[in-house]
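**Student:** Going by my numbering, the sequence shown opens with residue 345, and the numbers climb by one from there.
Glycine residues also receive a C-beta, built at the ideal position from the N, C-alpha and C atoms.
Quick one: structure below, then a few questions.
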Amino acid sequence: MLTSPRQDPAARPRLLLTLLALLLAWPTLRLAEFDLLGLFTGDNARTMGHFLAGFWPPAHDADFLAVLGRATLETLAIATLGMALAALIALPAALLATRVLSISALPRGGRPGRLPRLLRGLVRGVLIVLRSVPEIVWALLFVRAVGLGPTAGALAIAITYGGMLGKVYAEIFESVDPRPARALLLQGASRLQAFVYGVLPNAAGEMISYSVYRWECAIRASVVMGFVGAGGLGQQVDLSLRMFAGGEVASLLLTFLVLVLLADVLSRLLRQVERGQGRGRGALTVLAMGAALVASASYLGTAFGELLSARALAQMGSFLADFLQPDFSLAQLSAVAHGALETLAMSALGTLLAGLLGILLALPAAGRLGLGALALARLLLNALRAVPELVWAALMVLAAGLGPNAGTLALALHTAGVLGRLFAEALENTPKAPAEAIRLAGGGALAAFLYGTLPAVWPQLLAYLLYRWENNIRMASILGFVGAGGLGQQLYFSLSLFQQAQAATVILGMLVLVLGVDLLSNWARQRWVVR
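In structure tokens:
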């Protein structure tokens, strides 16, 4: 008897997701005030043309190059020191948040106690709060405590990335084989000994790999925080943009592109060394990271002692105390709700546009259109993702004016570089036999891609889209610091007017929005990203 072919269990949910996306398309476009053609018409085109004309030639006088060199070293130092402090926060938090070393997890351990479960839940909640508040908000707090400069930037990265690393480290600990650690615990070893000898050897490679990747991200984040006075290249970019010094902006962007490319190459080398066999190679990676940390701390001359001074603690305490009474008036809640919807629209539309541009660039970047197209596409992808979203937003505000349209375009440009790279790697790893079979049967290149390649790679592409949407929610909530709409613009105005109660409500709105999207994205991945 003939049997019907097995249906794709995710086909109906994906169809419903597509229909929902089409239904929400019009209100999303309205909320984001999307107007791509506005970039090329009227005063916007003339303003952007004059500004871009000033990009050439890039500034290269001796005094500016000296400033540029110091800002570059400062950016590297902020990222490196911030990541080291983040690891110090993340490692103990991850150990508390994971159950792998719990006595109750042993064969004779019995049922888990209420207190350990409560402690794990509390630590996980703290990690969520740490990573949900954008770095730029933490930077504002530390600028208030220790003043302008790189110390505030390093501390802000430490707090935010501590939450990110803590979550991922805990997941890595949970994913490794628990039997060695449990055997050590059953033999009477302490939990620290069980971790060092039973968990860490299997988890170290993945931890280092992810930490190095996050260090790349921290370099870009340090530029973002410079817009609120936390030092580095970002502070110089902000100053040059305010003075409409296009030549200086061009030099800064070129420097940042080179910096990100070098960081990418270095991270690849470190990961390759770490994946090599032998303890000496892993020790070499740790030694290199330690040397970079010492050099960064020495260069910055950080004033962490001042952070613990009575004056700094009093300033932070006073600043935080003003946030303990949020403004829950109807007018403020309505404004925050509108800002949240605007932020959602910016992030969703920006991610969708980035996905479309990313797949167009991924095809040549994956080597499917020749070596020349491959080199050009990869250079363009690196250039798009090297410029941080906040810098793109500042440029788009000059071109398109204030509002969420500039934020949408900024997210689309930066995220296209990120997704294009991820999509290209996914396409490279996809079996080529189905597409070649379609070509041999007389199908064209488009048919081969749509029916031979896309079905195999679609779940992974959707997973990347959802992941970047989560990230873009966080970023869209701070683009308003340069006038690109959303919750960030409300927060910037509230802080500028010293309205801490209203600012506290906006930050709570950010937290609720980020947590809601995290839950929605996780649910969507479990239900719809199915092979």
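List the whole-angstrom C-beta distance separating valine 593 from glycine 578, where the pair is believed to meet the contact cut-off of C-beta under 8 Å.
**Tutor:** Valine 593 to glycine 578, Cβ: 12 Å. No contact.
**Student:** In the DSSP assignment, the alpha helix (DSSP H) including proline 708 goes from what residue to what residue?
**Tutor:** Run containing proline 708: 674 to 709, per the alpha helix (DSSP H) assignment.
**Student:** By how many angstroms is the C-alpha of leucine 485 removed from the C-alpha of leucine 425?
**Tutor:** Those two C-alpha atoms are separated by around 18 Å.
**Student:** Applying the 10 Å Cβ sphere with the 16-neighbour rule, what's the burial state of valine 856?
**Tutor:** Exposed, by the Cβ-count rule.
**Student:** From Arg443, Trp482, Leu463, pick the residue whose C-alpha is nearest to that of leucine 835; which is it?
**Tutor:** Minimum Cα distance to leucine 835 is reached at Trp482.
**Student:** Excluding five sequence neighbours on each side, which residues of the same chain lie with their C-beta closer than 7 Å to the C-beta of leucine 713?
**Tutor:** Counting only Cβ-Cβ distances below 7 Å, and skipping sequence neighbours, we find Leu707.
**Student:** Go ahead and label glycine 764 buried or exposed: buried means 16 or more other beta carbons lie within 10 angstroms of its beta carbon, across all protein chains shown.
**Tutor:** Glycine 764 comes out buried.
**Student:** Closest by CA to valine 294, which one among Ala428, Leu693, Ala437?
**Tutor:** It is not possible to answer for residue 294, since the shown part of the chain is limited to 345 through 875.
**Student:** Taking isoleucine 516 as the reference, give the member of Glu550, Ala502, Gly829, Ser534 with the closest Cα.
**Tutor:** Checked all of Glu550, Ala502, Gly829, Ser534; the closest Cα to isoleucine 516 is Glu550.
**Student:** Around the Cβ of leucine 462, are there at least 16 other Cβ atoms within 10 angstroms (buried) or fewer (exposed)?
**Tutor:** Classification for leucine 462: exposed.
**Student:** Cα separation between proline 524 and serine 553?
**Tutor:** Going by the C-alpha atoms only, they are around 22 Å apart.
**Student:** Out of Leu596, Val638, Ala791, point me to the one whose CA is closest to alanine 403's CA.
**Tutor:** The shortest C-alpha separation from alanine 403 is found at Leu596.
**Student:** Of the choices Ala574, Gly711, Ser519, whose alpha-carbon is the least far from that of asparagine 773?
**Tutor:** It is Gly711.
**Student:** Quick check on histidine 394: buried or exposed, where buried means 16 or more other Cβ atoms within 10 Å of its Cβ?
**Tutor:** That one is exposed.
**Student:** Tell me which same chain residues have a C-beta within less than 8 Å of the C-beta of leucine 859, skipping the five on either side of it?
**Tutor:** Once the five neighbours on either side are set aside, the close Cβ partners of leucine 859 are Ile472, Ser476.
**Student:** Can you tell me whether glutamine 834 is helix, strand or coil according to DSSP?
**Tutor:** Reduced to three states, the DSSP call for glutamine 834 is helix.
**Student:** Beta-carbon within less than 6 Å of phenylalanine 667's beta-carbon, same chain only, minus the 5 sequence neighbours each way: which residues are those?
**Tutor:** Result list for phenylalanine 667: Gln844, Ala848, in chain order.
**Student:** Nearest CA to the CA of leucine 685: which residue from Tyr811, Gly832, Leu474?
**Tutor:** Closest option to leucine 685, Cα to Cα, is Gly832.
**Student:** In the DSSP assignment, find the alpha helix (DSSP H) that holds proline 401 and state where it starts and stops.
**Tutor:** From DSSP, proline 401 is part of no alpha helix (DSSP H); its letter is neither H nor E.
**Student:** Please state the DSSP three-state secondary structure of alanine 785.
**Tutor:** Coil.
**Student:** With H, G and I counted as helix, E and B as strand and the rest as coil, what does DSSP make of glycine 578?
**Tutor:** The answer is helix: DSSP assigns glycine 578 an H, G or I state.
**Student:** Inspect the beta-carbon positions of glycine 702 and glycine 751 and report whether they are closer than 8 Å.
**Tutor:** For glycine 702 and glycine 751, no; Cβs fall outside 8 Å.
**Student:** Rounded to a whole number of angstroms, what is the C-alpha to C-alpha distance between leucine 585 and glutamine 804?
**Tutor:** Roughly 38 Å separates the two Cα atoms.
**Student:** Report yes if the C-beta distance between leucine 728 and histidine 758 is below 8 Å; otherwise report no.
**Tutor:** Result yes, Cβ atoms of leucine 728 and histidine 758 sit closer than 8 Å.
**Student:** Can you give me the C-alpha to C-alpha distance between lysine 852 and arginine 488, rounded to a whole angstrom?
**Tutor:** Residue 852 is actually leucine in this sequence, not lysine. The straight-line gap from Cα to Cα measures roughly 20 Å.
**Student:** Does DSSP classify threonine 442 as helix, strand or coil?
**Tutor:** Reduced to three states, the DSSP call for threonine 442 is coil.
**Student:** Under the three-state reduction of DSSP, which class applies to lysine 511: helix, strand or coil?
**Tutor:** Residue state, collapsed to three classes: helix.
**Student:** Leaving out five residues on either side along the sequence, give the residues of the same chain with a beta carbon under 6 Å from the beta carbon of arginine 464.
**Tutor:** Result list for arginine 464: Ala441, in chain order.
**Student:** Alpha carbon to alpha carbon, what distance is there between alanine 709 and aspartate 608?
**Tutor:** Roughly 16 Å separates the two Cα atoms.
**Student:** Use the C-beta contact count for valine 602: other C-beta atoms within 10 angstroms, 16 or more gives buried, fewer gives exposed.
**Tutor:** Classification of valine 602: exposed, given that the 10 Å Cβ count is below 16.
**Student:** How many angstroms separate the CA atom of leucine 739 from the CA atom of alanine 636?
**Tutor:** Each residue's alpha carbon lies about 33 Å from the other.
**Student:** With 16 as the cutoff for other CB atoms within 10 Å, does valine 512 come out buried or exposed?
**Tutor:** Buried, since its Cβ has 16 or more Cβ neighbours within 10 Å.
**Student:** Consult DSSP for serine 519 and reduce its assignment to one of helix, strand or coil.
**Tutor:** Serine 519: helix per DSSP, three-state reduction.
**Student:** Secondary structure at proline 478, three-state DSSP: helix, strand or coil?
**Tutor:** Looking at proline 478 - three-state DSSP - the assignment turns out to be coil, as it is neither helix nor strand.
**Student:** Nearest to valine 826 by CA position, among Leu766, Ala756, Leu742, is which residue?
**Tutor:** Comparing Cα positions, the closest option is Leu742.
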